[in-house]
Amino acid sequence: MAHSASSLRVPCYCARCSAHPDGFVIQTKKNNRLHMKAYPLRAPEPATSTTVNSPIPLVFDSDSEDGARLYGMSSPPRIPSQEPTVVPSNQQPPFRSSESGDTPDISFQPVVFPDTPTPGSDQDEADQPAKPFIRLAYLEACLANIYSNVTLNGALDALFIAGVLPLVPRPVRTLVSAKRRLGIDADQYITQYALCTECWKHYTPTELWDLPSPYCILPECSGEVFEQLEDSKGKIKRRPLKIMPHTSIIATLRRFFRRPGFAQMIRDSRNDVPGRNNNENFLMKDMSDGDIWHMSRTGICREIGDCGTVRDVPIEGGGRNLSSHRFGLHLTMNAGWFGMLERPHSTGPIYYCINDLPIHERFLQRNMLCSCIMPGPKEPSAQQINHCMEPSTKEIAELQNGEQYLEFILWINKDSPFVRCRDGDLW
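Sequential numbering from 1 applies to the sequence shown in the UniProt record's numbering.
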């Protein structure tokens, strides 16, 4: 079958598409040329700091009929190793003492976070925003399909007859892509991680296809990750045995702050009077009235000593108080397990609430960040919880030292087994 030049698709290796986990994104030849002009390849800049301040994930584009299946961003570079630093005698005492006794720590090294791909991907939009009447056609077609099973082609054919359909960006013809262009397809924000059946080590869909065998790659783990099937056309497929849906915290915050009026609801703590609790007649009304609210800091690096002592040190002029930022966020992480559908199957979400919102808005569903749903059928062990929390932990570390969003996890709400699991291994 002959293909026109506009329909022929080739891998795009521009600076934008090369950040995809596969190293490229399939584009048409025309979009390939446009991408190479708009996003030329640049030589990597030399590292000047041991701290990685990762930017907000980029938005990848694809004009394919069903939308590109983007499962996550490529992970930012690991923190480069450095020589042990000698602690001066006048160094501040660490906040956690060594568990091995009174032996002082001689050297400290930065804590390296798990090498986990950044979760999440933004909506599948074209290189150029669609014109308002095209977006209106998408919206009308989606509503008509939901209520009357009407297809999208009818609305686009009517516009084509009128001669108003643009050539760039080319209008999509499927409802899935139309919903993604409108930003109303929630599935595009969810990454389906495949989990090992034993340790719950997670794998992205791309990593799933790169596995040499169905077994987990971790040593001393006998769990399996997928089963291999063959469809009616003889095509080999890999079906995960256990799945963990996950959403990006950073991408979710970006969408929250784009909502009209959301930024205005965030509490401004910059003008708070310190030491109000010293007045015995002062009446506390919210957690923001507590002293710990103003003790959280940003721009810090966590280090661990050779004897196990952990400390936080400022980096690159950091160490500023969180409440000194206009949009410094205090998050509460919640975790718990419940039975589904009256069956002996226990599953558990990990979700965050923004304590800087008013009390009447703080726990509404539209203002909660559900990062992942841990599978069952039983409550997980410490190792399994750590693997489930790796993507979120990495994003929280980026936020704490980031520029676009500044936040600090201060409170954790969970049951007793989760306390021991989380505090004992991950942090």
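Every residue, glycine too, gets a C-beta built ideally from N, C-alpha and C.
Item: Distance CB(Gln400)-CB(Thr247) smaller than 8 Å; Value: no
Item: Closest residue to Glu316 among Cys301, Ser324 and His325 (Cα-Cα distance); Value: Cys301
Item: Sub-8 Å separation of Ile304 and Ile396 beta-carbons; Value: no
Item: Separation of Val225 from Ser213, as counted between CA atoms; Value: 9 Å
Item: Chain-order list of residues whose beta-carbon lies under 6 Å from that of Tyr352 (same chain, five-residue window excluded); Value: Leu331, Met333 and Leu369
Item: Unbroken beta strand (DSSP E) run spanning Pro314, endpoints; Value: Val310 to Pro314
Item: Rounded separation between Trp293 and His325 - CA only; Value: 13 Å
Item: Reduced DSSP secondary structure (H/G/I, E/B, other) of Val172; Value: coil
Item: Counted within 10 angstroms of its Cβ, other Cβ atoms place Val172 as buried (16 or more) or exposed; Value: buried
Item: Contact between the region 282 to 296 and the region 375 to 382 (3+ Cβ pairs under 8 Å); Value: no
Item: Local conformation of Cys301 per DSSP, three classes; Value: strand
Item: Which residues DSSP lists as bridging Leu143, in chain order; Value: Note: Leu143 sits in no beta bridge, so no partner.
Item: Arg69 versus Ile266: straight-line alpha-carbon distance, rounded; Value: In this prediction, Arg69 scores a pLDDT of 36, lower than 50, which makes its location untrustworthy; the coordinate-derived value is nonetheless stated afterwards. Distance between the alpha carbons of Arg69 and Ile266: 34 Å.
Item: Three-state secondary structure assigned by DSSP to Leu229; Value: strand
Item: Residues bridged to Ala194 (per DSSP); Value: Tyr203 and Ile243
Item: Separation of Ala15 from Ile26, as counted between CA atoms; Value: 14 Å
Item: Three-state secondary structure assigned by DSSP to Leu211; Value: coil
Item: Same chain only: Cβ atoms within 7 Å of Glu198, ignoring 5 sequence neighbours per side; Value: Cys216, Cys221, Ser222 and Gly223
Item: Distance between His345 and residue 428 (C-alpha atoms, nearest Å); Value: Residue 428 lies beyond the stretch modelled for the chain, which goes from 1 to 427, so this question has no answer here.
Item: Nearest-angstrom Cβ-Cβ length linking Cys142 and Lys179, presumed shorter than 8 Å; Value: 6 Å
Item: Presumed contact (8 Å Cβ cut-off) between Met389 and Gly348, rounded CB distance; Value: Met389 to Gly348, Cβ: 12 Å. No contact.
Item: Given Ser107 as reference, the closest of Thr309, Leu329, Leu34 and Arg181 once Cα atoms are compared; Value: Thr309
Item: Assigned exposure category for Asp105 - 16 Cβ within 10 Å defines buried; Value: buried
Item: Test item: CB-CB of Leu253 and Arg239 under 8 Å; Value: no
Item: Assigned secondary structure, Ile26 (DSSP; H/G/I helix, E/B strand, else coil); Value: strand
Item: Own chain partners of Arg33 with C-beta closer than 6 Å, once the 5 adjacent residues on each side are dropped; Value: none
Item: Arg311 versus Lys233 - alpha carbon distance; Value: 58 Å
Item: Three-state secondary structure assigned by DSSP to Glu379; Value: coil
Item: Which of helix, strand or coil DSSP assigns to Met343; Value: Reading off the sequence, residue 343 comes out as Arg, not Met. Correct three-state label for Arg343: coil.
Item: Option nearest His387 by Cα separation, candidates Asp356, Ser323, Met244 and Asn355; Value: Met244
Item: Three-way DSSP call (helix, strand, coil) for Tyr138 in this model; Value: helix
Item: Pairwise C-alpha distance: Glu207 and Arg343; Value: 32 Å
Item: Local Cβ density within 10 Å of Pro77, reported as buried at 16 or more and exposed below that; Value: With a pLDDT of 38 at Pro77, under the threshold of 50, the predicted position of this residue should be treated as unreliable, and no value is reported.
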